[in-house]
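Protein chains in written order, with this note's numbering: chain E, 5 to 159; chain U, 5 to 159. Yeah, the Cβ is synthetic: ideal placement off N, Cα and C, and Gly gets one too. No experiment lies behind these values; they were computed from the predicted model shown. Reading through the structure tokens given below for one structure.
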DNA sequence: TTAAATTGCGCAATGA
DNA sequence: CTCATTGCGCAATTTA
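Set out below in structure tokens:
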């Protein structure tokens, strides 16, 4: 239930602050190592690029704030998207689980059905064999009766 | 808007840069910052509670840094865990997908097998119907036809 | 080169 | 109080 929390914002309303800077700016930020101007390249420290770079990081700059604001929005958007995707994935898992159960049930049914038919088939085969052995090629009344029996069992 | 926690502003000059985790340490400038006294509100400057609160948030405090450090670790840990979980979920999805394919293949096989057996029975059913028709005085051709129909429906 | 999207990280509020 | 979570902003990178 946390709702109000305005970590890095300026006093007052959240939106655009009057003085921002505090932001992360906890201590002072030193440059660790970065912005390596490539290896042998540009031997001009005071180049225009340097100037721009500096400006780009000027927290008081208007453009800076604008950029930050945009990035913050992008971040929010991206995170929302990410969260959504994660949720979708979870949903997908449940979906697949259900599908799985459905398939397993179907397999069970088919297997059962198959078993019945196979048994029937085998039984009938035996009868046939018997009949074939005792009689010639024509169906007899007995056969018919048997068949009837099978029929009833099957249905 | 109520008690605004004064976020990250470094009180006056933070001479503690050393302490700070190099953390982000990127910007290249120090932040001159402000101490935004909240909107006119300190009605009780001498409040003990206020004092304590303040102390708890005193960035210069030794305990403060310690707490921050611990929390940062906890955060990292938590996020790692979260990421891991997400990864597991994705893996679960693939696992279920495979399982599904396996099941579908099995169903296909069973269905095919079933089809063969059913066809056999179906063929036999015709003979049966014929027999039934011939040996039963009440049965009519219509009955036989209906049986055929049932077969088709059932199989 | 630029702007948007991602990603890692620390802070603070809050939950447990 | 300590640890776990979570929303948020900053800045470096990656994409497009």
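Alpha carbon of residue i to alpha carbon of residue j, nearest angstrom
| i | j | result |
| --- | --- | --- |
| residue 66 (chain U) | residue 92 (chain U) | 39 Å |
| residue 108 (chain U) | residue 116 (chain U) | 12 Å |
| residue 105 (chain U) | residue 87 (chain U) | 28 Å |
| residue 127 (chain U) | residue 120 (chain U) | 11 Å |
| residue 84 (chain U) | residue 73 (chain U) | 17 Å |
| residue 68 (chain U) | residue 95 (chain U) | 40 Å |
| residue 62 (chain E) | residue 70 (chain E) | 12 Å |
| residue 131 (chain E) | residue 124 (chain E) | 11 Å |
| residue 64 (chain E) | residue 64 (chain U) | 25 Å |
CB contact flag (residue i, residue j, <7 Å)
| i | j | result |
| --- | --- | --- |
| residue 118 (chain U) | residue 118 (chain E) | yes |
| residue 111 (chain E) | residue 122 (chain U) | no |
Beta-carbon separation (whole angstroms), residue i vs residue j, contact threshold 8 Å
| i | j | result |
| --- | --- | --- |
| residue 90 (chain E) | residue 90 (chain U) | 6 Å |
Open item on the list: Measuring CB atoms only, is the region 93-105 of chain U touching the region 100-115 of chain E, in the sense that at least three cross pairs come out at less than 8 Å?
Closed with: yes
Open item on the list: Quick check: the region 74-86 of chain E against the region 74-81 of chain U, are at least 3 beta-carbon pairs closer than 8 Å?
Closed with: no
- [ ] Residues of the region 116-135 of chain E with a CB closer than 8 Å to any CB of chain U: list them in chain order, please.
- [x] 117, 118, 121, 122, 124, 125 and 128
Open item on the list: So if I threshold CB-CB distances at 7 Å, which residues from the region 84-106 of chain E count as touching chain U?
Closed with: 90, 93, 94, 96, 97, 100, 101, 103 and 104
TODO: Please list the residues of the region 65-85 of chain U that have a C-beta atom closer than 7 Å to any C-beta atom in chain E, keeping them in chain order.
DONE: none
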